[in-house]
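Peer 1:
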Amino acid sequence: MRQKIIIAVSLLLFFLVIYLITKDFFSNHAKNEENPTEYNLAKLRSIDSSQFCYKESRHFKLSMKGLNAIVIDSAYRIFIAGENEVQVLDSSLNKLLDFTTDSTADAIFFSNNKIYLAIQNHVEIYDMKGKRVQKRNPYLNSSFITSLVAENNRLYVADAANNVVLCYNEDGSLKSIIGKKDSLKGEQGFIIPSMYFDIALGQYNDLWIVNPGKHLLMNYNEKGDLRTSWGLASMQLEGFSGCCNPAQLAILPDGSFVTYEKGMERIKIYDQTGKYKCVVAGESDFNSKAINNFRLDAMVNDIATDLNGTVYVVDAVSDVVRMYVKK
Amino acid sequence: MNTTLRAGVVIGLCGVGTLLAKRTLNGKTVWQLDPSKCVQCGRCATSCVLTSSAVKCVHVYEICGYCDLCGGYLKPEVKDLNTAAENQLCPTSAIRRKFVEEPFFQYDIDEKLCIGCGKCVKGCGAFGNGSLQLQVRHNICVNCNQCSIAINCPADAFRRVPENNSNLLKGFTK
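Residue numbers (my numbering), protein chains in the order written: chain X, 10 to 336; chain E, 34 to 207.
1. Leaving out five residues on either side along the sequence, give the residues of the same chain with a beta carbon under 8 Å from the beta carbon of G139 of chain X.
2. Reducing DSSP to helix, strand and coil, say where I276 of chain X ends up.
3. Quick check: the Cα distance between V174 of chain X and V166 of chain X, rounded to an integer number of angstroms?
4. List the residues of chain X that L102 of chain E touches, going by C-beta distances under 7 Å, in chain order.
5. Measuring only between beta-carbons, confirm whether A117 of chain E sits less than 7 Å from chain X.
6. Comparing the C-beta of S203 of chain X with each C-beta of chain E, is any distance below 7 Å?
7. Verify the CB distance criterion: does E196 of chain X have a CB-CB separation below 7 Å to chain E?
8. Under the rule that 16 or more other beta-carbon atoms within 10 Å means buried, what is N103 of chain X, buried or exposed?
9. Please work out which residues of its chain come closer than 7 Å, Cβ to Cβ, to R192 of chain E, disregarding the five sequence neighbours upstream and downstream, and give them in chain order.
10. Taking all protein chains shown into account, decide if I14 of chain X is buried (16 or more other Cβ within 10 angstroms of its Cβ) or exposed.
11. Using the Cβ count rule (16 or more neighbours within 10 Å means buried), how would you classify Y177 of chain X?
12. Quick check on DSSP: helix, strand or coil for D115 of chain X?
13. Considering only DSSP beta bridges, list what A127 of chain X is partnered with.
14. Using the C-alpha atoms, what's the distance from R130 of chain E back to F138 of chain E?
15. With a cut-off of 7 Å, does the C-beta of K152 of chain E fall near any C-beta of chain X?
16. Would you say L258 of chain X reaches chain E, if we count a Cβ-Cβ gap shorter than 7 Å as a contact?
17. Got a sec: is the Cβ-Cβ distance from N162 of chain E to anything in chain X below 7 Å?
18. Would you call P187 of chain E buried or exposed, if buried means 16 or more other Cβ atoms sit within 10 Å of its Cβ?
19. In chain order, which continuous runs of the beta strand (DSSP E) of length 3 or greater are located wholly inside the stretch 43 to 109 of chain X?
20. Give me, in chain order, the residues of the same chain whose beta-carbon lies closer than 7 Å to that of I182 of chain E; leave out the 5 immediate sequence neighbours on both sides.
21. Using the Cα positions of I124 of chain X and P124 of chain E, report the straight-line distance between them to the nearest angstrom.
22. Quick check: is the beta carbon of A159 of chain E nearer than 7 Å to any beta carbon in chain X?
23. Tell me whether P258 of chain E sits in a helix, a strand or coil according to DSSP, three-state version.
24. Could you check the C-alpha separation between H224 of chain X and I184 of chain E for me, to the nearest Å?
25. Scan the stretch 132 to 203 of chain E and note each continuous alpha helix (DSSP H) run of 4 residues or more that stays entirely inside, going in chain order.
26. Can you check DSSP and say which residues form a bridge with D234 of chain X?
27. Please report the straight-line C-alpha distance between G104 of chain E and L50 of chain X, rounded to a whole angstrom.
28. Determine the closest residue to D294 of chain X out of X:V323, X:L235, X:K286, X:V267, with distance taken between C-alpha atoms.
29. When you compare each of E:N162, E:D189, E:E135, E:S126 to C150 of chain E by their alpha carbons, which one comes out closest?
30. Hey, could you find the ends of the beta strand (DSSP E) Q65 of chain E is sitting in?
31. Could you work out which residue in E:G41, E:G50, E:C157 is closest to S250 of chain X when comparing CA atoms only?
32. Would you give the residue range spanned by the beta strand (DSSP E) that L225 of chain X belongs to?
33. On a CA-only basis, which of X:E133, X:Q281, X:I201 is nearest T110 of chain X? Give me that one, please.
34. By the three-class DSSP mapping on this structure, what secondary structure does V111 of chain E have?
35. Can you give me the start and stop residues for the alpha helix (DSSP H) that A17 of chain X sits inside?
36. Report yes or no: do three or more beta-carbon pairs, one from the stretch 140 to 150 of chain X and one from the stretch 194 to 203 of chain X, lie closer than 8 Å?
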């Protein structure tokens, strides 16, 4: 009897061990269980729905890939630079113009019937037939132009490699250099930790420059004198997060600012004084698959506004242009 | 019958020989972590057979912004941007912050203290340039036949790479 009990217990233990080994072998528990050393950013990334004051009205794809830069003119024409190509659409998204470029433009601007393209270290100017009328020499061969704007016979060019904004005359001659580092005057210059350095024209065609390393938006005159600045470094919605933000800037017709932050992706509106108003779009509006992956690029390549206050976003993940209107 | 058997043995031997020669020519392979797949789950710190883990944070200085407000060094919402222990994101204070010039700071990894949890990597990727990246350090790794971290990796970020080209660090793409 005793022997039978021993055999029965042994068999029971044997099957129990087999069961545990099999379960451990086939289960995937280690991959799914929570890890105490994980840095959870979900709470920081989430945005309360009450903060959103814009909604996506539509989005559209173009017959070109690698959408990189966008600008809207006063006639609501949409100028978009993509992979070695530029397309111009009317407000109904009918194609008005399509031409190729030697390289992909990193920035685009339209003024005085001319299309200005920033291509790596230099500026190219095209007419409305898509013909290149001018190719300007780079300020330095090492230049990397990330943004440009033109007004009143002046062309402002943001050079992220040399941390300056260059002001050119109509004929292409250099008028002034804005934001040059000057140790004697105690001027640090612009702090550009990554290749995101944007400029925009304000309500009165005044020049706004992003100083991303300082989390500031700075207003300069054409001589390079600082007039005013605002900005706050913070993970909260009121401020600019991360090492170097905002990455992109656009200005609404009423003088409000539209900013895009990379890293913790969010597009927000600030009023004319720099006071936070609301959110246009957050990470959930873009391709969610990309959120958890290790990314060195931003999800948004460029933003722009039109005279109606619509915000245009070049979604780099989906390669579409998204349009956001007020709720 | 005998001829067929002999031919089979010769073909088999040739096959094994080719396989061995190929392995010899290809050289030794080692485990490495692909930063482009890594989701910084923190399991590298706890799943390695070694204590502390053979996975360490590596700093790619070429793409670092040398930022004052470093998302890999500082906890979010810190009051002051300084080296106070309560401000540091790293649980073992393995990152050294060194002043370069206003407003730039250099960040160096003390590998002896690093446990490979990837908190700094996640912070740097989320808020900065992504210059902090996790890598298997082959002066520490014992190169198990089946890497225990690879088994537990939810992103399948581990793979074998040639020993003479074992780093999979990522650079700047824009």
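Glycine included, each C-beta is placed from N, C-alpha and C at the ideal position.
Peer 2: Answer, in terms of the structure:
1. As a position in the first sequence, residue 139 of chain X is number 130, starting the count at 1. Within the same chain, G139 of chain X has close Cβ partners V95, L106, D107, F108.
2. Taking the first residue of the first sequence as position 1, residue 276 of chain X is located at position 267. I276 of chain X falls in the strand class under three-state DSSP.
3. Numbered from its first residue, the first sequence carries residue 174 of chain X at position 165. Numbered from its first residue, the first sequence carries residue 166 of chain X at position 157. Using only the alpha carbons, I get a separation of about 5 Å.
4. Position 69 of the second sequence, counted from the start, is the residue given in the question as residue 102 of chain E. Correct list: A242, C252.
5. For the purposes of this step, residue 117 of chain E is taken as residue 84 along the second sequence, with counting starting at 1. A117 of chain E does not count as touching chain X.
6. Translated into the one-based positions of the first sequence, residue 203 of chain X becomes position 194. It does; some Cβ of chain E falls within 7 Å.
7. Position 187 of the first sequence, counted from the first residue, corresponds to residue 196 of chain X. It does not: the Cβ of E196 of chain X has no partner Cβ on chain E nearer than 7 Å.
8. The residue you call residue 103 of chain X lines up with position 94 of the first sequence. Exposed: under 16 other Cβ atoms inside 10 Å.
9. Sequence index remark: in the second sequence, residue 192 of chain E carries index 159 (1-based). Correct list, in chain order: Q65, D67.
10. If you number the first sequence from 1, residue 14 of chain X lands on position 5. Exposed, by the Cβ-count rule.
11. As a first step, residue 177 of chain X must be located in the first sequence, where it is residue number 168. The residue in question, Y177 of chain X, is buried, as its Cβ has 16 or more Cβ neighbours within 10 Å.
12. As a position in the first sequence, residue 115 of chain X is number 106, starting the count at 1. The answer is coil: DSSP assigns D115 of chain X none of H, G, I, E or B.
13. Stepping through the first sequence from its first residue, residue 127 of chain X is reached at position 118. Paired residues: X:A116, X:V132.
14. Taking the first residue of the second sequence as 1, we reach residue 138 of chain E at position 105. Taking the first residue of the second sequence as 1, we reach residue 130 of chain E at position 97. Distance between the alpha carbons of F138 of chain E and R130 of chain E is about 6 Å.
15. In the second sequence, counting from the first residue as 1, residue 152 of chain E sits at position 119. Yes, because at least one Cβ of chain X sits closer than 7 Å to the Cβ of K152 of chain E.
16. Reading the first sequence from its first residue, position 249 is the one you call residue 258 of chain X. At a cut-off of 7 Å, the C-beta of L258 of chain X has no neighbouring C-beta in chain E.
17. Translated into the one-based positions of the second sequence, residue 162 of chain E becomes position 129. Judged by the 7 Å Cβ criterion, N162 of chain E is in contact with chain X.
18. Working through the second sequence from its first residue, we reach residue 187 of chain E at position 154. Label assigned to P187 of chain E: exposed.
19. Entirely contained in the stretch 43 to 109 of chain X, the beta strand (DSSP E) runs reaching 3 residues are, in chain order, 63 to 69, 78 to 81, 87 to 91, 94 to 98, 104 to 109.
20. Stepping through the second sequence from its first residue, residue 182 of chain E is reached at position 149. R76, C77, S80, C81, V88, F191, listed in sequence order.
21. Within the first sequence, numbered from 1, the residue matching residue 124 of chain X stands at position 115. Within the second sequence, numbered from 1, the residue matching residue 124 of chain E stands at position 91. Cα to Cα, the separation comes out at about 52 Å.
22. As a position in the second sequence, residue 159 of chain E is number 126, starting the count at 1. Output row for A159 of chain E: interface = yes.
23. It is not possible to answer for residue 258 of chain E, since the shown part of chain E is limited to 34 through 207.
24. What you label residue 224 of chain X is simply residue 215 of the first sequence in a count that begins at 1. What you label residue 184 of chain E is simply residue 151 of the second sequence in a count that begins at 1. For H224 of chain X and I184 of chain E, the distance between alpha carbons rounds to 42 Å.
25. 152 to 160, 181 to 185
26. Counting from one through the first sequence, the residue named residue 234 of chain X turns up at place 225. Per DSSP, none; premise fails for D234 of chain X.
27. Here the question's residue 104 of chain E lines up with position 71 in the second sequence. Here the question's residue 50 of chain X lines up with position 41 in the first sequence. Each residue's Cα considered, the two are about 12 Å apart.
28. The residue you call residue 294 of chain X lines up with position 285 of the first sequence. If we check each option's Cα against that of D294 of chain X, X:V323 comes out closest.
29. Stepping through the second sequence from its first residue, residue 150 of chain E is reached at position 117. Comparing Cα-Cα distances from C150 of chain E to each of E:N162, E:D189, E:E135, E:S126, the minimum goes to E:S126.
30. As a position in the second sequence, residue 65 of chain E is number 32, starting the count at 1. Taken as a continuous stretch (DSSP letters only), the beta strand (DSSP E) holding Q65 of chain E covers 62 to 66.
31. Position 241 of the first sequence holds residue 250 of chain X. Minimum Cα distance to S250 of chain X is reached at E:C157.
32. Translated into positions along the first sequence, residue 225 of chain X becomes position 216. Segment 225 to 229, the beta strand (DSSP E) holding L225 of chain X.
33. Working through the first sequence from its first residue, we reach residue 110 of chain X at position 101. The shortest Cα separation from T110 of chain X among X:E133, X:Q281, X:I201 belongs to X:E133.
34. Taking the first residue of the second sequence as 1, we reach residue 111 of chain E at position 78. In the structure shown, V111 of chain E sits in coil (DSSP, three-state: anything other than H, G, I, E or B).
35. On the first sequence, residue 17 of chain X is found 8 positions in, with the first residue counted as 1. Per DSSP, the unbroken alpha helix (DSSP H) holding A17 of chain X starts and ends at 11 to 35.
36. no
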